[in-house]
Amino acid sequence: MPVRKRSYSLDEKAAEYVQRSSKKLGQSASAVLSDLVLEAARQDAQSRALEELGAGVEISESEVKRWLRKLGAG
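Quick note on this note's numbering: the sequence shown kicks off at 1294 and runs consecutively.
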């Protein structure tokens, strides 16, 4: 059964995970969900960068630095 919160809708297991995490971390469910979305975006950016590197596409140093900043590593 889907669980609806103000601006997002999650299935029951996902909602339970977010709720447990929010209690454990002392953050709102929205903050936990935002962190999860941010992490997914980081992983997506990293995957795209690795795919392009593997495809033999030349990537400039400035582009690598920009990706690293987006990933929080630079």
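A virtual CB, placed ideally from N, CA and C, is assigned to each residue, including glycine. Remember, predicted model here, so these are calculated numbers, not experimental data.
Validate contact between the segment 1344-1356 and the segment 1326-1334 using beta carbons, cut 8 Å, 3 pairs: no
Beta carbon of L1364 nearer than 8 Å to that of A1338: yes
DSSP state of M1343 mapped onto helix, strand, coil: Met is not the amino acid found at residue 1343; the sequence shown has Leu there. If DSSP states are grouped into helix, strand and coil, L1343 belongs with the helices.
Buried or exposed (CB count within 10 angstroms, at least 16 for buried), M1294: Residue confidence for M1294 is low, a pLDDT of 47 falling below 50, so the modelled location carries little weight and cannot support an answer.
One or two residues paired with L1326 in a DSSP bridge: L1326 is not bridged to any residue.
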